[in-house]
Structures are given as structure tokens and as C-alpha cells.
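Shown next, in C-alpha cells, is the structure this report addresses.
There are 4 protein chains.
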Amino acid sequence: MNAQVSSPQPAERKTRGRPRDPGAERRILDAALEEYGERGWSGFTMDAVARRAGVGKSTVYLRWQDKDSLLIDAVAARTGSIEDVDTGSFHGDLVEVSANLYRHYLDPAGWATLRLAVDAATSPSSLGTVSARLAEQHTAAVLAIVARAIERGEAPRDLPAAPLVLCLYGAVTMQTLTLAGSERQLPEAEIRRRVTELVDFVLAGRT
Amino acid sequence: MNAQVSSPQPAERKTRGRPRDPGAERRILDAALEEYGERGWSGFTMDAVARRAGVGKSTVYLRWQDKDSLLIDAVAARTGSIEDVDTGSFHGDLVEVSANLYRHYLDPAGWATLRLAVDAATSPSSLGTVSARLAEQHTAAVLAIVARAIERGEAPRDLPAAPLVLCLYGAVTMQTLTLAGSERQLPEAEIRRRVTELVDFVLAGRT
Amino acid sequence: MNAQVSSPQPAERKTRGRPRDPGAERRILDAALEEYGERGWSGFTMDAVARRAGVGKSTVYLRWQDKDSLLIDAVAARTGSIEDVDTGSFHGDLVEVSANLYRHYLDPAGWATLRLAVDAATSPSSLGTVSARLAEQHTAAVLAIVARAIERGEAPRDLPAAPLVLCLYGAVTMQTLTLAGSERQLPEAEIRRRVTELVDFVLAGRT
Amino acid sequence: MNAQVSSPQPAERKTRGRPRDPGAERRILDAALEEYGERGWSGFTMDAVARRAGVGKSTVYLRWQDKDSLLIDAVAARTGSIEDVDTGSFHGDLVEVSANLYRHYLDPAGWATLRLAVDAATSPSSLGTVSARLAEQHTAAVLAIVARAIERGEAPRDLPAAPLVLCLYGAVTMQTLTLAGSERQLPEAEIRRRVTELVDFVLAGRT
DNA sequence: AATTAATCGAGACGGTACGTCGGGTCTTATG
DNA sequence: CATAAGACCCGACGTACCGTCTCGATTAATT
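This is the structure:
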């Protein structure tokens with residue numbers, strides 16, 4: 006998916022003057038993500054990002070109005086491809102998509118998505134919609150899974166999809182929330198175990 | 006409840022010289038909360054807090070080692086009394102406790118709890134336990150509710166309490182996450198409606 | 006006079022390709038002078054000059070290698086025709102030429118000449134000769150006047166011309182130096198009065 | 006002399022809070038002068054000054070509002086003790102004071118005084134008076150010399166002192182103006198020779 | 001007519017310095 | 001001693017300009 010979230014300039018296509026370096030954007034986003042991963046939020050510096058991307062600060066500020074916007078986009082760019090999943094069974098799909106989210110949250114960049122969403126919720130800025138947009142992407146993916154399951158007759162026609170998404174994603178979020186720094190290295194098997202437990206709970210008596 | 010979380014210096018009682026102004030602590034915490042509510046995280050300034058509290062910066066730093074600690078305490082001080090609930094029915098208790106959480110999250114100070122928990126999860130600092138402690142409080146409360154329900158025969162003995170808590174709290178969290186600034190004023194009825202939907206979903210086929 | 010001082014590229018005459026816009030040079034110099042007059046040195050910007058001249062920055066940098074060179078030329082272009090003066094008497098000539106200089110210094114562009122000369126004196130750049138060249142022009146003019154006066158018998162054959170030039174020009178310079186922004190609008194009569202006083206002093210006992 | 010020219014803050018004496026480091030001011034001024042001497046105007050950086058002075062940038066900006074103000078003060082601080090001179094004879098005094106000025110101008114810091122004066126004359130800022138104040142100091146010194154000479158009977162009672170000062174100082178200024186970088190190392194004897202020539206010219210027929 | 005080569009306006013580029021702001025510490029004089 | 005005030009060092013912020021570069025679009029002189 007990976008749609009720009011707060012997105013560099015509305016892009017008035019006139020092609021007057023030197024065109025923007027098409028590679029710069031990618032390089033900056035990557036640099037931002039790496040910096041964020043290595044130094045964390047409080048060590049995250051625009052100067053460092055620019056330097057690492059081999060770019061002048063003006064080039065960064067030409068595309069993003071401030072630090073937050075950049076980080077949001079950098080982080081949102083990573084938030085793709087969680088969603089498309091098709092294992093053949095309803096239960097399997099939910100486990101798969103939840104495990105994806107779980108893994109996403111264990112990655113510093115992925116976790117940053119959540120942090121920014123939390124920030125955005127109360128901040129007076131215009132970025133308030135970030136979380137909503139991100140959430141929509143996820144929701145849509147799970148809704149597709151549910152629709153498929155209903156088609157296949159694996160789920161009742163009146164299965165309340167919205168609460169299901171909220172519960173599943175929320176549960177994963179809450180669980181990763183309690184994992185401190187060192188514990189954030191879970192083996193794949195453990196992730197699947199935890200996720201399966203949640204899916205089982207959510208699906209109990211509905212298949 | 007309101008246990009100090011990272012807490013002003015243990016304060017070795019020796020009482021030589023001028024005693025600490027007993028009101029200062031409260032004034033600082035209040036000021037911190039107000040500042041945080043009005044300006045958000047990025048506008049939250051130690052100078053501003055001190056000024057609003059009518060206090061010197063040293064007085065603040067004498068009690069809290071840094072900005073994070075202060076905000077954590079300021080926020081934790083508000084985080085009380087979510088938990089004890091007894092409406093007489095399992096369903097009612099869950100609705101009540103979820104609504105409490107919902108309301109808590111709509112308050113800037115309450116929301117800050119979540120933000121700090123998110124921060125703490127990846128930060129190398131010693132605050133990593135904050136979220137855990139907070140989560141424990143909540144979990145314990147819901148576990149008590151579940152135990153009571155089982156006693157009353159309203160729930161099966163093998164009801165998986167842990168996933169239930171995660172799903173319910175997670176779902177509330179995710180839902181408030183998508184609420185932007187202006188939408189964060191929900192009428193009580195709307196809160197109950199949303200919460201009831203979630204509880205119904207979680208309890209379906211289990212009562 | 007108006008010789009190019011650091012001058013737009015020697016221009017190797019080959020004339021293939023589009024010829025340079027003949028008006029651009031003039032427009033840029035004018036714009037530079039106006040900008041300098043309005044904003045002063047620290048507000049003098051290449052972008053602004055280009056914009057005002059209705060020209061791309063490349064067009065400017067194609068003709069002058071840097072900001073200094075442009076300003077020098079812009080300013081030197083205005084520095085003409087101070088020198089040729091012939092009133093018929095020695096005293097009259099000196100008054101005339103001094104008044105010319107005085108007026109020149111009250112004009113922002115003229116004043117800029119001095120500023121650049123001062124800059125050039127210590128800067129390691131190759132502009133070091135600017136002041137010298139300018140000074141030579143002036144000196145030559147006054148020397149001509151002195152020679153004429155000696156011919157006419159108005160001045161002794163051993164009149165030390167060099168110190169005379171230094172004193173006269175120096176005195177005018179120092180006097181304009183103490184004039185702040187608002188005071189730099191002197192009526193013609195006042196200029197003549199001040200200049201006459203200086204010439205009288207310098208000529209005393211020598212005619 | 007060395008009066009503050011644009012001078013750090015009017016200084017509202019209340020002595021609340023930590024007093025300003027009394028050494029900082031001196032250290033900053035010295036650092037500024039050294040930086041200016043070594044790197045010249047265009048290489049003169051606030052960061053470098055602060056670093057060299059072992060001081061934070063805020064400490065600098067607390068005392069001077071911007072780069073210009075600092076440089077003016079740094080440079081003005083050096084402009085002292087040119088003036089007091091008493092060799093016993095009128096001619097000797099003038100030679101002495103002129104040689105002092107000459108030497109002052111050959112020093113980068115001293116030359117900067119002139120540069121700033123020139124800047125100040127046209128700049129819209131409030132520093133327009135710098136040059137005037139500086140000039141006054143010098144003028145006053147020479148006037149004292151003239152007065153003494155008249156007392157001693159070495160000069161006529163009606164000697165026009167003002168033009169004399171202007172001519173002498175102006176001539177020295179103009180002469181140093183034509184000296185390029187490398188030529189600015191004159192042996193003491195050469196300075197005296199040049200200065201004596203000027204004084205002789207100015208005094209001719211008046212002693 | 002097609003080609004070639006230079007110039008043009010526009011504006012993005014990598015840098016560097018600016019002046020501001022905030023964190024956390026330190027130093028006074030006053031309780 | 002603690003306190004209120006406020007200066008201190010540090011380092012990041014976002015802006016502004018410099019001088020360079022790269023576009024697409026002219027504009028002539030040369031094929």
C-alpha cells in the first residue's frame with residue numbers, strides 16, 4: 006500500500022526549473038528510519054538524517070515541513086504489506102495477519118507508527134488524521150479476510166467484523182506494550198503461540 | 006490508588022534547614038498536567054511548568070530527575086479509581102470498567118499515560134516498567150471481576166481471562182486512537198453504546 | 006570614465022549559440038544598486054537582485070563570479086565623471102571636485118565604493134586592487150588640476166600635490182563618515198560651505 | 006577610553022538570580038577579536054567565537070543582540086589610548102598621534118573599526134552613531150593638542166582646528182586604504198616618514 | 001530544414017551560519 | 001537547608017543565502 010501519509014507538497018506539476026531529485030526522497034526516508042532505529046526518538050536529529058542521506062537540510066525541509074512530518078512518513082512507508090494474506094482458512098488468515106502486526110510492532114520503526122499515532126491523537130496539529138488513515142488500511146485488510154471467510158462459509162453472515170478487528174489489533178497492541186526493551190526479541194514460535202491464543206479466543210463459538 | 010510511580014526523591018528525613026514547601030509538589034504536578042493538556046507533548050516545557058507553578062526550576066529538579074519522570078508522576082496521579090466496579094452482573098461490570106477506561110483516554114492526562122507507556126516500551130531508560138505496572142493494575146481489576154462472575158456462575162470456570170482483558174482494553178485503546186482532537190468529546194451515551202458493542206462481542210456465546 | 010573593474014567574463018568572441026541578452030547586464034547592475042541602496046550590505050541578496058532584474062540566477066553568475074564582483078561593478082558603473090572639472094581658478098576647481106566627491110558619498114551607491122575599498126584592503130581576495138584603481142582615478146584628476154594651476158601661476162611650482170589630494174579627499178571622507186542615515190540629505194549650499202572651508206584650509210598661504 | 010559603544014544590556018541592577026559571569030564578557034570580546042583577525046569578516050562566526058571563549062551561544066546572545074553588535078564592541082574595546090600624547094612640541098604631538106592612528110589601521114582589529122563605521126553610516130540600524138562616537142574621541146584628543154600648542158605660542162590663536170583634524174585623519178585613512186594585504190606591514194620608520202610628510206603639509210606656514 | 005551550441009528563467013541542490021529555544025546544572029541572595 | 005530567580009553550556013531547531021546544477025525552452029550561426 007504505502008500511500009504518503011502527510012506527504013511532501015501537493016505537487017503542482019508544472020515542471021519549471023530543476024526537477025526534484027527523485028532518489029532523494031527515498032534516501033531521506035531510509036536515513037530517517039535508520040537514525041530512528043539506532044538513536045531512538047530523543048536522539049533523532051534532522052542534521053543527522055540529512056548527513057546520512059547525503060543531502061542538504063534544505064532538501065529535507067523542502068519536502069517535509071518539520072521533524073514530525075518526516076518521521077511520520079518514514080515510518081508509514083514501512084507500514085505496508087502487512088495486510089495481504091491468504092492462507093486458505095479464516096483462522097489461518099487471522100493468525101497470519103496478527104503475527105504480521107506483532108512482528109511489525111517489535112521493530113522499532115513499526116513501533117514508531119504507534120507512537121506517532123498516539124501523539125497525533127491529541128496534538129493540535131493537522132496530523133490528527135494519521136492514526137485514522139493507518140488504522141483504515143489495517144481495518145480494510147481484515148475486512149477483506151472476513152468477507153472471504155463468509156463467502157467460504159467459514160463464518161456466519163452476521164459476524165461483527167468491526168469489533169473483531171478492534172479486539173484483535175488492540176490485543177496485540179496491548180501485549181507488545183508491556184514488553185520492555187530486552188524482551189522485545191521473541192522467537193517466531195512464541196509470537197505464533199501468543200497470537201493463536203488471541204485468535205482462538207476471538208473466534209470461539211463463531212466458526 | 007495513585008501510587009507514586011517514579012516518585013520524588015525518597016526524601017531522607019533529617020529535617021535540617023528550611024523544610025520543603027509542602028504545597029509545591031501538588032502545584033507542580035497540577036501545572037504539569039495543565040501544560041501538557043494545553044500544549045501537548047512537544048509544547049511541554051519545564052520552564053513553563055515551573056513558571057505556572059510559581060516555582061523555581063531547581064525546586065522541580067530537586068524532586069524529579071527529569072522531564073519524563075515529572076510527566077509520568079503528574080499523569081499517574083490522575084490514574085486512579087478506574088478499577089473498582091461492581092454493578093452486580095458480569096456484563097454490567099465489564100461495560101462499566103471499559104467505559105471508565107474510555108473516559109480516561111479521552112482526558113488528555115489519561116491519554117498521556119498511554120503515550121508514556123508507548124515511549125517506555127522502546128526507550129532504554131529505567132522507565133520501562135511504567136507501562137507494566139499500569140497494565141497490572143488494570144488487569145488485576147478485571148481479573149477480580151471475572152472471578153466474581155465465575156463465583157456467581159455467570160461465566161464458565163475455564164473462561165480465558167487474560168485474552169479477554171487484552172481484547173477489551175485493546176479494543177478501547179484502538180478506538181480512541183482514531184479519534185482526532187475535535188472528536189474527542191463524546192457524550193456519555195455514545196461511549197456506553199460503543200463499549201457495550203465491544204463487551205457483547207467479547208462475551209458472545211460465553212455467558 | 007566608468008571602466009569595468011572586475012568586469013563580466015572577458016567574453017571570448019566566437020558567437021555560436023544564442024547570444025547574451027544585451028539588456029540583461031544593465032538591468033542586473035541597476036537592480037543590484039537599488040537592492041543595495043534599499044537593504045544595505047547585509048540585506049543584499051543575489052536572489053533578490055536576480056528577481057528584481059527579472060533574470061535567472063544563472064544569468065547573473067554567468068557574468069560575475071560572485072556577490073562581491075557584482076556589487077563592485079554595480080558601484081563602479083556609477084563612479085564616473087567626478088573628475089573632469091575646470092572652473093578657471095585653482096580654488097574653484099578644488100571646491101568643485103571636492104563637492105562632487107561629497108555628493109558622491111551621500112549617494113548609497115557612491116558610499117558603497119568606499120565600503121568595498123575598505124573591505125578589499127584586508128580581504129585576501131583578488132579584489133585588493135579595486136581601491137587602488139579607484140584612488141588612482143581620483144588622484145589623477147586632482148593632479149591635472151594642480152598642474153593647470155601651476156601653469157597659470159596660481160600655485161607654486163613645488164606644491165606637494167600628493168598630500169593635498171590625500172588631505173582633501175580624506176577630509177571629505179571623514180566628514181561624511183560621521184553623517185548618520187537621516188543627516189545624509191544635505192542641501193547643496195551646505196555642501197559647498199563645508200567643502201570651501203576645507204579647501205581654504207588646505208590652500209592657506211599657498212596661493 | 007574604551008567606553009562600551011553599543012554595549013550589553015542597559016543593565017537593570019536588581020541582583021536576583023545567578024549573576025552574570027564577569028569574566029565571560031572579556032573572554033567573548035577577546036575571542037571575537039582573535040577570530041576576526043584570523044579569519045576576516047566573512048569567516049567570522051558566532052559559533053566559533055563562543056567555542057573559543059569556552060561559552061555557550063546563549064551566553065553571547067544574552068549580551069549582544071547579534072553578530073554586528075558583538076563585533077562593534079569587540080573592535081571598539083581595542084580603540085583606546087590612541088589619543089593621549091605629549092611630546093613637548095606641536096609638530097611632534099601631531100606626528101605621534103597620526104602615527105598611532107596609522108598603526109591602528111594596519112592592525113586588522115583597528116581596521117575593522119573603520120569598516121564598521123562605514124557600514125553603520127548607511128545601515129538603517131540604530132548603530133548609526135558608532136562612527137560619530139568614535140570620531141568624537143579622536144577629535145577631542147587632537148583638539149587638546151591644538152589647545153596646548155596655542156598656549157605655548159606654537160600656533161596662532163585662530164588656527165582652524167576642525168579642518169586640521171579632518172585633513173590629518175582623513176589623509177592617514179586614505180593612505181592606508183590603498184595598501185593591499187601584503188603591503189600592510191610597514192616598518193616603523195616608513196610610517197613616521199609618511200606621517201611626517203602629512204603633518205608638514207598641514208602645518209606649512211602656520212607655525 | 002536540420003543540427004548544434006550557447007543563453008535564458010526557474011528553481012532544486014549541498015552546505016554553512018544564523019538567531020532561538022529548551023534541557024538540565026549551577027550560583028547567587030533570601031527565607 | 002530549601003527556595004525563586006535566572007545565568008550557564010550544550011546542542012537541535014527551522015530559515016536564509018551562497019554558488020552550483022539541471023531542467024525545458026529559446027535563439028542564432030552552421031551545416
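Chains as they are written, first to last, in our numbering: chain C, 6 to 212; chain U, 6 to 212; chain S, 6 to 212; chain Z, 6 to 212.
We put the beta carbon where it would ideally sit given N, CA and C, even for glycine.
N-terminal and C-terminal residue of the alpha helix (DSSP H) that S:Gln-180 is part of: Counting along the chain, the alpha helix (DSSP H) containing S:Gln-180 begins and ends at 166-182.
Residue span of the alpha helix (DSSP H) that contains Z:Val-60, given as start and end: Z:Val-60: not part of any alpha helix (DSSP H); DSSP gives it neither H nor E.
8 angstroms Cβ shell around S:Leu-169 - same chain, five flanking residues per side excluded: Answer for S:Leu-169: Val-147, Val-151 and Val-207, listed in chain order.
Listed by chain order, chain C residues near U:Pro-168 by CB distance under 7 angstroms: Those are Ala-176, Glu-202, Leu-203 and Phe-206, listed as they occur along chain C.
Span separating the alpha-carbon of S:Leu-191 from that of Z:Leu-173: Rounded to whole angstroms, S:Leu-191 to Z:Leu-173 spans 24 angstroms at the Cα level.
Under 8 angstroms between C-beta atoms of Z:Ala-58 and Z:Arg-32: Yes, Cβ-Cβ distance for Z:Ala-58 and Z:Arg-32 is below 8 angstroms.
Rounded straight-line distance, which links the Cα of Z:Thr-118 to that of Z:Gly-48: CA-CA distance, Z:Gly-48 to Z:Thr-118, rounds to 17 angstroms.
Selected residue, minimal CA-CA separation from S:Ala-36, among S:Ala-79, S:Thr-183 and S:Gly-61: Nearest in C-alpha terms to S:Ala-36, of all of S:Ala-79, S:Thr-183 and S:Gly-61, is S:Ala-79.
Cα-Cα separation between Z:Glu-40 and Z:Val-54, rounded to whole angstroms: Their Cα atoms are separated by approximately 7 angstroms.
Pair within 8 angstroms by beta-carbon distance, S:Val-60 and S:Ala-29: Yes, the Cβ-Cβ distance between S:Val-60 and S:Ala-29 is below 8 angstroms.
8 angstroms Cβ cutoff met for U:Tyr-110 and U:Val-177: A contact, by the Cβ cut-off of 8 angstroms.
Amino acids of chain U, ordered along the chain, whose beta-carbon sits closer than 8 angstroms to that of C:Ala-140: Result: Met-179, Leu-182 and Thr-183.
Rounded separation between S:Ala-154 and S:Leu-139 - CA only: Going from the Cα of S:Ala-154 to the Cα of S:Leu-139 covers about 23 angstroms.
Length at least 4, wholly inside the region 27-113 of chain U: the alpha helix (DSSP H) runs in chain order: Positions of the alpha helix (DSSP H) runs, each at least 4 residues long and wholly inside the region 27-113 of chain U, are given as 27-44, 51-58, 62-68, 72-83 and 95-111 in order along the chain.
Residues near C:Leu-121 by beta carbon distance below 7 angstroms, same chain, minus five either side: When the five nearest sequence neighbours on each side are left out, the beta carbons in the same chain lying within less than 7 angstroms of the beta carbon of C:Leu-121 are those of Leu-76, Ile-77, Val-80 and Val-135, in order along the chain.
Nearest candidate by alpha-carbon position, reference S:Thr-201, set S:Arg-108, S:Pro-161, S:Ser-103 and S:Thr-181: The shortest C-alpha to C-alpha distance from S:Thr-201 to any of S:Arg-108, S:Pro-161, S:Ser-103 and S:Thr-181 is the one to S:Ser-103.
Rounded C-alpha distance that separates Z:Ser-12 from S:Trp-46: Only weak support exists for where Z:Ser-12 lies, its pLDDT of 47 falling under 50; the value from the coordinates is given anyway. Linking Z:Ser-12 to S:Trp-46 through their CA atoms gives a straight-line distance of about 23 angstroms.
Where the alpha helix (DSSP H) containing Z:Glu-214 begins and where it ends: Residue 214 of chain Z lies beyond the residue range present for chain Z, which begins at 6 and ends at 212; the question has no answer from this structure.
Buried versus exposed call for C:Gly-93 [16 or more other C-beta atoms within 10 Å across all chains shown]: When all chains shown are included, C:Gly-93 counts as exposed.
Residue nearest to C:Val-90 in terms of C-alpha spacing, selected from C:Ala-194, C:Ala-114, C:Gly-175 and C:Ala-145: Checking every option, the nearest Cα to that of C:Val-90 belongs to C:Ala-145.
Selection from U:Thr-212, U:Asp-112 and U:Ala-125 that minimises the alpha carbon distance to U:Arg-157: The shortest C-alpha separation from U:Arg-157 is found at U:Thr-212.
Proximity of U:Arg-83 and U:Gly-42 at Cβ, strictly below 8 angstroms: With respect to U:Gly-42, U:Arg-83 sits apart: the two C-beta atoms are not nearer than 8 angstroms.
S:Pro-113 classed as buried or exposed, judged by whether at least 16 other C-beta atoms fall within 10 angstroms: S:Pro-113 counts as buried, since no fewer than 16 other beta carbons sit within 10 angstroms of its beta carbon.
Partner residues on chain U for C:Arg-68, Cβ-Cβ distance less than 7 angstroms: Simply none; closest approach about 20 angstroms.
Span separating the alpha-carbon of Z:Pro-165 from that of S:Thr-64: Their Cα atoms are separated by approximately 54 angstroms.
Assigned secondary structure, C:Gln-190 (DSSP; H/G/I helix, E/B strand, else coil): In the structure shown, C:Gln-190 adopts coil according to DSSP, grouped into three states.
Proximity test, Cβ basis, 8 angstroms: Z:Pro-165 and chain S: It does: the Cβ of Z:Pro-165 has a partner Cβ on chain S nearer than 8 angstroms.
For S:Thr-212, the three-state DSSP class (helix, strand or coil): Of the three classes helix, strand and coil, the one that applies to S:Thr-212 here is coil, per DSSP.
As assigned by DSSP and simplified to three states, the class of U:Asp-163: Here U:Asp-163 sits in coil by DSSP.
Cβ neighbour criterion (16 or more within 10 Å) applied to Z:Gln-70: Z:Gln-70 is exposed by the Cβ-count criterion.
Short CB-CB distance (under 8 angstroms) between Z:Arg-23 and chain S: Taking a beta-carbon distance threshold of 8 angstroms, Z:Arg-23 does not count as an interface residue toward chain S.
Any chain Z beta carbon closer than 8 angstroms to S:Gly-210: Chain Z, which has a Cβ nearer than 8 angstroms to the Cβ of S:Gly-210, makes this yes.
Spatial distance of Z:Arg-124 from Z:Glu-188 (CA atoms): It should be pointed out that residue 124 of chain Z corresponds to Asp in this sequence rather than to Arg. Distance between the alpha carbons of Z:Asp-124 and Z:Glu-188 is about 24 angstroms.
Minimum Cβ-Cβ distance from S:Arg-198 to chain Z less than 8 angstroms: Chain Z, which has no Cβ nearer than 8 angstroms to the Cβ of S:Arg-198, makes this no.
Closer than 8 angstroms to chain Z by CB, S:Pro-113: So yes, S:Pro-113 belongs to the interface.
Residues of its chain near Z:Lys-62, where Cβ-Cβ distance is below 6 angstroms and the 5 sequence neighbours each way are ignored: Excluding positions up to five away in sequence, the list reads Ala-55.
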